[in-house]
Amino acid sequence: RGKNFQHDEL
Amino acid sequence: MNIFRLAGDMTHLASVLVLLLKIHTIKSCAGVSLKTQELYALVFATRYLDIVTDFISVYNTVMKLIFLGSSFSIVWYIRHHRVVRRSYDKDQDTFRHYLLMIPCMLLALFVHEKFTFKEVMWTFSLYLEAVAILPQLVLLQRTRNIDNLTGQYVFLLGAYRGLYIFNWIYRYFTEPHFVHWITWIAGVVQTLLYADFFYYYFESWKNNVRLQLPA
Numbered sequence: 217r218g219k220n221f222q223h224d225e226l
Numbered sequence: 054m055n056i057f058r059l060a061g062d063m064t065h066l067a068s069v070l071v072l073l074l075k076i077h078t079i080k081s082c083a084g085v086s087l088k089t090q091e092l093y094a095l096v097f098a099t100r101y102l103d104i105v106t107d108f109i110s111v112y113n114t115v116m117k118l119i120f121l122g123s124s125f126s127i128v129w130y131i132r133h134h135r136v137v138r139r140s141y142d143k144d145q146d147t148f149r150h151y152l153l154m155i156p157c158m159l160l161a162l163f164v165h166e167k168f169t170f171k172e173v174m175w176t177f178s179l180y181l182e183a184v185a186i187l188p189q190l191v192l193l194q195r196t197r198n199i200d201n202l203t204g205q206y207v208f209l210l211g212a213y214r215g216l217y218i219f220n221w222i223y224r225y226f227t228e229p230h231f232v233h234w235i236t237w238i239a240g241v242v243q244t245l246l247y248a249d250f251f252y253y254y255f256e257s258w259k260n261n262v263r264l265q266l267p268a
């Protein structure tokens, strides 16, 4: 995705 | 989301529920390290800074609130609840956990993915979580008879990050560009620290004897 990597894990 | 990560999150949730159950119902925190609980509260506080800025999913936000709420309430129970705090053995829980925070913060300042406040704090939370169990493991070695709930708590807490390792392997092979060495190495180190506990935990379960860690 364009957005900088989001931390999608807990 | 994949089955390994969901299983990991549920195992993690189970560990905090087991601990809350123990402390809230029998009003005792015998064998529980306050230091480890304080470190975990700090881990969640520094890892979930993005809870207000980045919305990932309802599940993600709800779980973050649960982990933040449970870790801080466990610290409150052990420190301030008039009955529970009497069962806290501060003479045994002597690990200098402040000495764990400093190298983790220094390492985060040098080894991170992006030099921003949130990213450095997030990386700090990864390094800190890897060693957060140490005061608890030291306390277990000093506590002669470990009660079942405390043993189950530590087991579930160690198992959750082990399941996350399978999640990272799965994501590495299914998602392009999913490479996060820092997370992976911290997670493997964290799981390895439980290795001897897992060994004695299974031995006690197999031989149906009380769990005891050699001093």
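Protein sequences appear in the order of chains A and B. The working numbering applies: residue 217 is where the first sequence begins, and numbers increase by one. The working numbering applies: residue 54 is where the second sequence begins, and numbers increase by one. Even for Gly, the Cβ is constructed at its ideal location relative to N, Cα and C.
Other residues of its chain near residue i: CB distance less than 6 Å, five sequence neighbours each side excluded
i: V164 of chain B; result: none
i: Y225 of chain B; result: F231
i: K75 of chain B; result: L202
Coil, strand or helix - residue i by DSSP
i: L95 of chain B; result: helix
i: G218 of chain A; result: For G218 of chain A, the predicted structure reports a pLDDT of 41, less than 50, and the residue's modelled location is therefore unreliable. The matter cannot be settled from this model.
i: E166 of chain B; result: coil
i: Q194 of chain B; result: helix
i: K75 of chain B; result: helix
i: V241 of chain B; result: helix
i: F125 of chain B; result: helix
i: T147 of chain B; result: coil
Per-residue contacts from residue i into chain A (C-beta, under 7 Å)
i: I109 of chain B; result: Q222, D224
Beta-carbon contacts of residue i that lie in its chain and below 7 Å, excluding the five residues immediately before and after
i: F177 of chain B; result: T99, C157, M158, A161
i: T64 of chain B; result: L209, A212, Y213, L216
i: K171 of chain B; result: L102, D103
With 16 other Cβ atoms within 10 Å as the buried cut-off, status of residue i
i: V173 of chain B; result: buried
i: V111 of chain B; result: exposed
i: F97 of chain B; result: buried
Closer than 8 Å at the beta carbon, the chain A residues around residue i
i: R58 of chain B; result: E225
i: W175 of chain B; result: H223
i: D103 of chain B; result: Q222, H223
At least 3 beta-carbon pairs within less than 8 Å: the region 114-133 of chain B vs the region 178-195 of chain B: no
message: Check whether the region 198-208 of chain B and the region 120-133 of chain B are in contact - that is, three or more C-beta pairs closer than 8 Å.
response: No, because fewer than three Cβ pairs between the region 198-208 of chain B and the region 120-133 of chain B fall closer than 8 Å, the two stretches do not touch.
- request: Evaluate contact between the region 217-232 of chain B and the region 58-75 of chain B, counting only Cβ atoms and requiring at least three cross-stretch pairs below 8 Å.
  value: yes
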